[in-house]
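Enquirer:
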Amino acid sequence: MQVSLLYFDEESHAAKRLAAAVGIEALRMQRHRFPDEELCLRLPAIELPECLVIYRSLDRPNDKLVELMLLARHARERGVKRLVLVAPYLAYMRQDIAFNPGELVSQRLVGGFIAELFDALITVDPHLHRIERLEQAVPLHWAVALSAAPALAQAIAERRHDALLLGPDAESAQWVESAARATGLTYGVCTKQRHGDRDVEIALPELALAGRRIVLLDDIASSGRTLAQAARRVLAAGAAGVDVAVTHALFAGDALSVIRQAGVEEVWSTDSIPHQSNAVILAPALAVALGEVLDAG
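Numbering follows the numbering used here, with no gaps: position 107 of the sequence shown is 130.
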């Protein structure tokens with residue numbers, strides 16, 4: 024089956040690395056925004072293959088979800104038989120229950136939307152807190168969730184060979200434990216009480232932190248307030264220094280500045296979202312998963 028990969032300009036480097044690793048053609052999508060904010064997409068002037076892979080990480084997701092709807096439905100009209108979405112960052116996974124009366128559970132709704140458009144999904148470290156498997160949120164047979172924790176852990180070990188890995192909250196435990204297993208580094212997990220999007224309290228685990236190099240490890244850095252609070256706490260406890268490693272470098276607004284002001288020295292992330300902190304390339308792991316999905320087609 025002929026296969027091509029479509030990408031958008033801002034993700035060209037990561038998408039081309041993936042296409043090269045799998046050995047398929049990479050094609051550039053053109054995107055225009057009209058003065059009234061409507062989008063106009065333009066495919067390359069070629070006959071579309073039977074199988075189309077779309078590379079689109081879903082940070083700043085709202086426009087991108089509309090793009091996916093337009094592109095997927097157009098591709099089906101043009102005769103594409105199989106559509107695969109590679110979305111290293113998968114948005115709307117954190118709203119997994121109604122926290123207040125009347126709230127919509129976006130994890131299930133957006134997951135269903137994606138499942139209606141695509142035949143397969145590959146993502147990295149989706150924020151699955153109250154469910155065990157990605158297909159419970161995105162009801163597809165091929166709903167593949169990879170973990171970047173081992174690769175991040177290796178990057179940490181190369182830079183901070185004696186680091187103590189610390190998760191900033193209970194939800195980070197799965198990534199910290201996986202990273203520790205991959206490297207043999209010691210680890211702990213903080214507890215967090217959230218009072219709002221930017222107001223959190225952090226309690227440190229009962230570990231000897233004085234004189235240690237601490238690396239705060241999590242799946243997402245969004246507002247930066249949780250990581251900043253944790254950094255201040257470990258430094259106040261006598262840590263020799265603190266760095267941050269995350270899978271998805273969202274860093275909304277002034278988040279990176281807030282983290283730096285809290286005393287964080289280095290920030291490392293994967294290339295799931297293009298950012299100056301990118302230190303881990305996901306293409307090798309994505310290529311293995313995409314190869315399996317394509318072979319199953």
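Virtual Cβ for every residue (Gly too), placed ideally from N, Cα, C. These numbers come from a predicted model, not from an experiment.
1) How close, in whole Å, do the beta carbons of Ala254 and Val290 come, if the pair is a contact with beta carbons under 8 Å?
2) On a CA-only basis, which of Pro124, Leu62 and Leu66 is nearest Ala49? Give me that one, please.
3) Lys87 bridges to which residues according to DSSP?
4) What does a CB cutoff of less than 7 Å around Ser300 pick up in its chain, not counting 5 residues either side in sequence?
5) Could you name each continuous beta strand (DSSP E) segment of 3 residues or more that falls completely within the region 86 to 158, going from the start of the chain to the end?
6) Would you kindly check if the distance between the Cβ of Asp82 and the Cβ of Ala114 is under 8 Å?
7) Please go through the same chain and pick out, in chain order, the residues whose beta-carbon is closer than 7 Å to the beta-carbon of Gln130, but skip the five residues on each side of it.
8) By Cβ distance below 7 Å, which residues in the same chain neighbour Pro228 in space, the five residues on each side in sequence not counted?
9) The alpha helix (DSSP H) with Glu200 in it runs from where to where?
10) Counting Cβ pairs closer than 8 Å, one from the region 184 to 194 and one from the region 160 to 169, do we hit at least three?
11) Excluding the 5 residues flanking Leu108 on each side, which residues of the same chain have their C-beta closer than 6 Å to its C-beta?
12) If I measure Cβ to Cβ from Arg235 and keep anything under 7 Å in the same chain, skipping five residues before and after, which residues do I get?
13) In terms of residue numbering, what span does the alpha helix (DSSP H) encompassing Arg256 cover?
14) Straight-line CA distance for Pro58 to Asp148?
15) Beta carbon of Leu208, beta carbon of Ala176: below 8 Å?
16) Could you work out which residue in Leu157, Arg153 and Pro124 is closest to Gly135 when comparing CA atoms only?
17) If you reduce the DSSP assignment to three classes, tell me which class Ala312 lands in.
Expert: On the basis of the coordinates in this document:
1) Taking the sequence shown and counting its residues from 1, one reaches residue 254 at position 231. Taking the sequence shown and counting its residues from 1, one reaches residue 290 at position 267. Contact doesn't hold; Cβ gap of about 11 Å is too wide.
2) Position 26 of the sequence shown holds residue 49. Selection Pro124, Leu62 and Leu66 evaluated against Ala49 yields Leu66 as nearest (Cα-Cα).
3) Here residue 87 refers to the residue found at position 64 of the sequence shown. Paired residue(s): none; Lys87 is not in a bridge.
4) For the purposes of this step, residue 300 is taken as residue 277 along the sequence shown, with counting starting at 1. Excluding sequence neighbours, Ser300 sits near Ala272, Val290, Trp291 and Ser292.
5) With a minimum length of 3 residues, the continuous beta strand (DSSP E) runs that stay inside the region 86 to 158 are 105 to 109 and 143 to 147.
6) For the purposes of this step, residue 114 is identified with residue 91 of the sequence shown, where counting begins at 1. For the purposes of this step, residue 82 is identified with residue 59 of the sequence shown, where counting begins at 1. The answer is yes: Cβ separation under 8 Å.
7) As a working mapping, residue 130 is identified with position 107 in the sequence shown. For Gln130, where only same-chain residues beyond five positions count, the Cβ hits under 7 Å are Tyr115, Met116, Gln118, Asp119 and Ala160.
8) Walking along the sequence shown from the start, residue 228 turns up at place 205. Result list for Pro228: Gly211, Val212 and Cys213, in chain order.
9) Within the sequence shown, numbered from 1, the residue matching residue 200 stands at position 177. Per DSSP, Glu200 belongs to the alpha helix (DSSP H) from Ala196 to Thr206.
10) The answer is no - the region 160 to 169 does not touch the region 184 to 194, with fewer than three Cβ pairs under 8 Å.
11) Indexing the sequence shown from 1 puts residue 108 at position 85. Cβ within range, chain order: Ile77, Phe141 and Leu144.
12) Within the sequence shown, the letter at position 212 stands for residue 235. Apart from the 5 residues on each side of it in sequence, Arg235 sits with its Cβ closer than 7 Å to the Cβ of Leu187, Ala262 and Ala263 in its chain, given in chain order.
13) Here residue 256 corresponds to residue number 233 of the sequence shown, with the count starting at 1. For Arg256, the enclosing alpha helix (DSSP H) covers residues Arg248 to Ala259.
14) The sequence position of residue 58 within the sequence shown is 35, counting from 1. The sequence position of residue 148 within the sequence shown is 125, counting from 1. Each residue's Cα considered, the two are about 36 Å apart.
15) Locating residue 208 in the sequence shown gives position 185, counting from the first residue. Locating residue 176 in the sequence shown gives position 153, counting from the first residue. A contact, by the Cβ cut-off of 8 Å.
16) By 1-based counting over the sequence shown, the position of residue 135 is 112. Selected option, being the one with the closest Cα: Leu157.
17) Taking the sequence shown and counting its residues from 1, the one referred to as residue 312 is at position 289. If DSSP states are grouped into helix, strand and coil, Ala312 belongs with the helices.
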